[in-house]
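Q:
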Amino acid sequence: MTTTNDRTPAEFVNNDQKPLGFGRMLRKEDRRFVRGKGTFCDDVQLPGMLHLAILRSPVAHARIAGIDISAAEAHPKVKAVVTGAMLAERNLAWMPTLSNDVQAVLATDKVRFQGQEVAFVVAEDRYAARDALELIDIDYDILDPVIDARTALSPGAPVIRTDVPGKENNHCFDWETGDAEETAAVFASAEVVVSEDMVYPRVHPAPLETCGAVADYDRVDGRLTLWSTTQAPHAHRTLYALVAGIPEHKIRVISPDIGGGFGGKVPIYPGYICAIVASTITGRPVKWMEDRSENLTSTGFARDYIMRGEIAANRDGRILAIRTNVLADHGAFNGVATPVKYPAGFFGVFTGSYDLQAAHCKMTAVYTNKAPGGVAYACSFRITEAVYLIERMVSRLADELDLDAAELRLKNLLRPQQFPYRTKTGWVYDSGDYEPTMRKAMELAGYAELRREQAGRRARGELMGIGISFFTEAVGAGPRKDMDILGLGMADGCELRVHPTGTAVVRLAVQTQGQGHETTFAQIIAEELGIPPDDVDVVHGDTDQTPFGLGTYGSRSTPVSGAAAALAARKVRDKARLIASAMLEVSATDLEWRKGAFHVAGDPSTSVTIQDIAMRAHGSGDLPDGVEGGLEAQVCYNPENLTYPHGAYICVVDIDPDTAQVKVRRFIAVDDCGTQINPMIIDGQVHGGLTDGVGMALMEMMAFDEDGNCLTGSLMDYLLPTALEVPDWETGYTVTPSPHHPLGAKGIGECATVGSPPAIVNAVIDALRPLGVHAIDMPLTPSRVWDAMRGVPRPP
Ligand code: MCN
Ligand code: CUM
C-alpha cells in the first residue's frame with residue numbers, strides 16, 4: 004500500500020523540505036520486479052547449457068543393494084549419469100555441513116530419508132533429464148525407519164548413521180545452559196509450579212523460488228562460476244574451495260535476485276555440488292532447479308522441538324524461574340546452519356523478557372529418518388522455539404493463577420534501568436524499554452474493552468479469545484570471537500566508493516532475498532553522506548564484486564553490514580572534511596557537517612557539497628598533504644554484541660463452535676527495532692512475519708506417516724496462509740536505539756515470525772478456557788481444535 008508519505012527514490016533529494024536518508028521510501032528494486040525484469044537463478048541461460056535432474060529416494064531408510072544406470076546412459080539426450088559410488092571416487096560423495104557433521108551428496112551405502120539424493124542425470128534439456136531418471140534402476144533393501152524422535156534413542160532402534168565409525172545409536176548432541184542446581188532450588192521453594200508439554204512442529208520456509216544453481220566450470224582457466232540461490236555467497240565459496248579443491252580465487256559465487264530465502268537458503272545442498280561436478284565432467288554449463296515437491300521434502304526444514312516447560316512463581320504472580328527439557332529432531336544429518344558454538348542456535352534466550360532468579364535448559368538432539376535442516380523460516384536461530392516456550396508458559400501461569408495475562412507480563416518485564424541486562428543463561432541484552440511497548444499494544448488493541456466484550460460473548464456461549472506475547476530477540480551475529488560458521492568469524496566487510504560527480508557505489512557482504520537492501524543500504528549512505536539514495540548503487544550477491552562477509556540470516560544485515568556501511572560512509576566523510584578544508588581554506592576543525600555539505604563554523608553560506616568534494620578528490624587541484632586522490636573507504640565491522648529488538652503482540656480470535664474453525668479477527672503488533680531506516684520496509688517485514696505466524700499457528704506442518712513417507716510434499720497438503728486467513732495487521736512502533744550500533748538500529752526481519760505464533764495459540768486457548776482447555780499444539784487446525792473442545796487427548 005502506498006500512502007502519501009511514501010516517496011519514490013528520486014524524490015529523496017537534497018533540499019531542506021525533504022528528508023534525505025532515513026524515512027519511508029518506495030523500494031528501488033521494485034522498479035525491476037514489478038516489470039518482470041528480475042533475474043532469478045532459473046533466468047540464467049548460458050550457451051550450451053545442460054540440465055541436471057536428481058533421482059531421490061522413494062523410501063526413508065534402506066540399504067542400496069544395487070544401481071543400474073545403463074538404460075539412462077543409453078538415452079540419446081543424456082550426457083552423464085552419476086551415482087554416489089562415482090562421486091566417492093572423487094572423494095565427493097560426502098560433504099561437511101555447516102554444523103560439524105557430514106551429509107551425503109549422493110547416497111552410497113544407505114538412504115536415510117525420503118527424498119534423499121541418490122543419483123543425477125545431465126541431459127540436453129530438463130525434460131530429458133527428468134525422463135532419464137525413470138530409467139535408473141535401484142535395488143533397495145528396506146530397513147525399519149526412525150520417524151518419531153521420542154523413540155530414536157530406544158534400545159534396539161535402528162541406527163541411522165552407520166557411516167560414523169563406532170556409532171551405535173541415534174544420538175546427535177546434548178546441550179545445556181543455565182544452572183540446574185540453582186534452578187531446582189528456586190523451584191523447590193516456589194509457591195506455584197506449572198508445567199506443560201508442547202510440540203513446535205516441523206515446518207518449512209516454502210519460499211516462492213525453490214533452490215537451484217547454474218554451474219559453469221571453465222576447464223581452460225580452471226575457473227568456476229556458480230549462480231546459486233544462496234543467502235551466504237562468501238561462506239559458500241570458501242566451503243566449495245575446501246570441498247571441491249578448486250582454489251578460492253578461481254571460484255565466483257553469484258547470488259542473483261532471490262525469491263525468498265527465510266533461512267532455507269543458508270545451507271549448502273547436494274544439488275549445488277552435483278551441478279559443480281556435472282559442469283566439471285561435461286565441460287559445459289549445467290543448470291539444476293528443484294521443483295516444489297523437492298524443495299518441500301529435501302531442503303532445510305525448521306523447528307521440530309518437543310519441549311517440556313516448567314515455570315515457578317509466587318502466588319501474587321512474581322515469576323521466579325523457568326526450566327525446560329527439549330528433544331530436538333535433527334533429521335538424518337545435522338544440517339543446521341548456526342554459529343558453531345551454538346548447536347541449539349540462540350535457544351538460550353528462552354528466559355524471555357523477564358527478570359528471573361534462575362533458568363535451566365537441557366536438550367538432547369537425535370537423528371531420525373527425515374530431511375536434514377533445522378534452522379530456517381525466520382527463526383533467529385531458534386528464538387522462535389524459545390519465545391514460544393516462555394510465552395506459552397507465562398500465559399499458562401496466568402491461566403493457573405487466574406490473573407490477566409497482560410498484567411502478569413507487565414508485573415515481570417525487565418525495567419529500563421536493568422539494561423544492559425545479563426540473563427541467567429549469559430546473554431547480555433543491549434537495551435530495552437518494555438513497558439511502553441506493552442502499554443502501546445494494549446492501547447491500540449483497546450485491551451480493557453476487548454476483555455469486556457469477551458465477558459459478554461462468553462456469557463452468550465461464544466468462543467472469543469485474546470492472546471498475548473512479549474518477546475526479546477537476539478539478532479546480528481557475531482561478535483566474531485564468539486560466533487563463527489565453520490571457523491569463519493561473523494564480521495562483515497563493506498566498500499564504499501564515491502565517483503567524481505558525486506554518485507556512489509556501496510559493495511556489501513550481505514545479500515537481499517526480498518528484504519529491500521538495494522533501498523535501505525542506499526538510505527544508510529544517504530543519511531551519512533547526504534547523497535540522494537537514488538545516486539547510490541548497491542552491489543551485493545557476487546563474491547567477485549563484494550568484500551568478504553558471512554551473509555544474510557539471523558536478521559544480521561542491518562546490525563552488522565548496516566553498521567559497516569555507516570562506518571564506511573563516516574570514513575569517507577572524514578576524508579571529505581580534509582579535502583573541504585583545502586577547498587575552503589580553513590582548518591578542518593572549523594568545519595561543520597550539515598547533511599550533504601561542510602560549511603565554515605558560524606558561516607553557513609560558505610560551504611562545499613559532498614559532490615563538489617568528490618570532484619575535487621578526483622580532480623587536478625591540490626589536495627592537502629598526505630591525502631590521496633579518490634573518495635572511498637573500506638570497513639570490516641565486527642559487532643560488539645548482538646542487538647536485542649523486542650515487541651508486544653496481541654491477537655484476537657473467534658472460534659466457530661460448530662466447525663472449530665479459528666478466525667484471527669485482529670492482530671496488534673508493536674515492535675521496537677531501535678532506529679528505523681525505512682519504516683515502510685519495516686512494516687512489510689512485520690506484515691510478512693505475522694502472516695508466517697498465522698501459517699505456523701493454524702495451518703503448517705511437515706507431516707510423515709510411520710514409514711517415513713512425507714505427507715506434505717506439495718502446496719495442496721502443506722498449507723500456506725493467503726489473504727483470506729489473515730486480518731488487516733495493526734502495527735505500531737516504539738524506538739529504543741541499540742547503544743553499540745553506530746546507527747542505533749536493531750534487526751527486524753524475523754521479529755514477527757518469532758513473536759506471533761504464541762500470541763495466536765494463547766488466543767485460541769483463551770477462547771477455549773471455559774471448556775477446560777489449557778493446552779493445544781500447533782497447527783491449530785479445525786480437527787485439532789474440535790478434539791480439544793471435546794476433551795480428546797492431544798496427539799503425541
Ligand atoms: N530495517 C530497517 N530498520 C531497522 C532494521 C531493518 O529499515 N532498524 C530494514 C533493513 O534495512 C532491511 C530489512 O528491514 O531492508 C530487514 O533487515 P534486517 O532485520 O537487518 O534483516 P536482514 O536484512 O538480515 O534479513 C534477514 C531476515 C531473515 S533472517 C529472514 S529468515 C527473512 C527476513 O529477513 N527472510 C526474508 N525477511 C524476509 N523478507 C523477505 N521478503 N524475504 C525473505 O527471504
Ligand atoms: Cu533462521 S531463518 Mo533467517 O536467519 O535466514
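For the sequence shown, the positions run 4 to 799 when our numbering is used.
Yeah, the Cβ is synthetic: ideal placement off N, Cα and C, and Gly gets one too.
What you are looking at is a predicted structure, and each value in this text was computed from that prediction instead of being measured.
Residue range of the alpha helix (DSSP H) that LYS578 falls in?
A: Annotation: the continuous alpha helix (DSSP H) that includes LYS578 extends over 566–587.
Q: Entirely within the segment 222–281 and at least 3 residues each: give me those beta strand (DSSP E) ranges in chain order.
A: 226–231, 254–257
Q: Nearest to ARG483 by alpha carbon, out of ASP577, TYR220, ARG559?
A: Nearest of ASP577, TYR220, ARG559 to ARG483, Cα basis: ARG559.
Q: Just list the residues that DSSP pairs MET292 with in beta bridges.
A: GLY215
Q: Does the beta-carbon of ARG559, which I'm using as the reference point, lie nearer than 6 Å to any heavy atom of ligand 3?
A: The ligand content of the structure shown is limited to ligand 1 and ligand 2, which means ligand 3 is not among them.
Q: Please return the same chain residues whose Cβ sits closer than 8 Å to the Cβ of VAL542, not counting the five positions on each side in sequence.
A: Once the five neighbours on either side are set aside, the close Cβ partners of VAL542 are VAL508, VAL509, ARG510, LEU511, GLN548, THR549.
Q: Would you say ALA770 and MET493 are within 7 Å of each other, going by their C-beta atoms?
A: no
Q: What three-state label does DSSP hand VAL563 in the structure shown?
A: helix
Q: Specify the secondary structure class of PHE190 as computed by DSSP and reduced to three states.
A: helix
Q: Alpha carbon to alpha carbon, what distance is there between ASP674 and PRO535?
A: 28 Å
Q: Does ligand 2 have a heavy atom nearer than 6 Å to the CB of ALA525?
A: No, the Cβ of ALA525 stays beyond 6 Å of every heavy atom of ligand 2.
Q: Starting from the N-terminal side, write out each stretch of the beta strand (DSSP E) that is 3 residues or longer and does not extend beyond the segment 113–162.
A: 120–126, 140–145
Q: Which residues bound the alpha helix (DSSP H) around TRP789?
A: Boundaries of the alpha helix (DSSP H) around TRP789: 785–792.
Q: At which residues does the alpha helix (DSSP H) containing GLN688 begin and terminate?
A: Taken as a continuous stretch (DSSP letters only), the alpha helix (DSSP H) holding GLN688 covers 682–697.
Q: Does at least one heavy atom of ligand 1 sit under 6 Å from the Cβ of THR228?
A: Ligand 1 has no heavy atom closer than 6 Å to the beta-carbon of THR228.
Q: Quick check on DSSP: helix, strand or coil for GLU753?
A: coil
Q: Rounded to whole angstroms, what is the Cα-Cα separation between ARG412 and TYR357?
A: Each residue's Cα considered, the two are about 8 Å apart.
Q: What residue range does the alpha helix (DSSP H) around THR609 cover?
A: Per DSSP, THR609 belongs to no alpha helix (DSSP H); it is in the beta strand (DSSP E), 606–612.
Q: By the 10 Å Cβ neighbour count, where 16 or more other Cβ atoms means buried, how is THR6 classified, buried or exposed?
A: Here THR6 scores only 49 on pLDDT, less than 50, and its place in the model should not be relied on; the value that follows carries that caveat. That one is exposed.
Q: For GLY490, count neighbouring C-beta atoms within 10 Å of its own C-beta (all shown protein chains included) and say buried if the count is 16 or more, exposed if not.
A: By the neighbour-count rule (16 or more Cβ atoms within 10 Å), GLY490 is not buried but exposed.
Q: Could you tell me whether the Cβ of VAL202 comes closer than 7 Å to any Cβ of chain B?
A: Absent from the structure: chain B. Only one protein chain is present.
Q: Taking only heavy atoms of ligand 1 into account, decide whether any of them is closer than 6 Å to the Cβ of CYS44.
A: no
Q: To the nearest angstrom, how far is it from the Cα of THR555 to the Cα of ALA238?
A: 11 Å
Q: Let me check understanding here. Comparing Cα to Cα, which of GLU703, GLY266, LEU58, ASN372 lies closest to CYS175?
A: The candidate whose alpha carbon is nearest that of CYS175 is ASN372.
Q: Just how far apart, CA to CA, sit GLU171 and THR165?
A: The straight-line gap from Cα to Cα measures roughly 8 Å.
Q: Below 6 Å CB to CB, which residues in the same chain sit around ARG129 once its five sequence neighbours on both sides are set aside?
A: HIS54
Q: Taking C-alpha atoms, which residue in THR737, GLY698, VAL729, GLU728 lies nearest to TYR721?
A: GLY698
Q: So PRO584 and LEU570 are in contact, right, with Cβ under 8 Å, and what is the actual spacing, rounded?
A: Per the sequence presented here, residue 584 reads as Ser, with Pro not at that position. Incorrect: roughly 22 Å between the Cβ atoms, too far for contact.
Q: For ligand 2, any of its heavy atoms closer than 6 Å to the Cβ of ALA379?
A: yes
Q: Taking the alpha carbon of GLU394 as the point to measure from, which residue in MET792, ASP790, PRO760 has its own alpha carbon closest?
A: For GLU394, the closest alpha carbon among the candidates MET792, ASP790, PRO760 is that of PRO760.
Q: Are there any heavy atoms of ligand 1 lying less than 6 Å away from the beta-carbon of ASN681, as far as the coordinates show?
A: yes
Q: Taking the alpha carbon of LEU404 as the point to measure from, which residue in ASN103, VAL197, THR515 has its own alpha carbon closest?
A: VAL197
Q: Taking the alpha helix (DSSP H) that MET310 falls in, what are its first and last residues?
A: No alpha helix (DSSP H) contains MET310, which is instead part of the beta strand (DSSP E) from 304–316.
Q: From PHE353 to LYS414, what does the alpha carbon distance come to, in whole angstroms?
A: Their backbone Cα atoms lie some 18 Å apart in a straight line.
Q: Taking DSSP's pairing of strands, which residues face HIS363 in a bridge?
A: GLY181, ARG326
Q: Can you say whether LYS749 is buried or exposed, counting buried as having 16 or more other CB atoms within 10 angstroms of its CB?
A: Buried is the call here.
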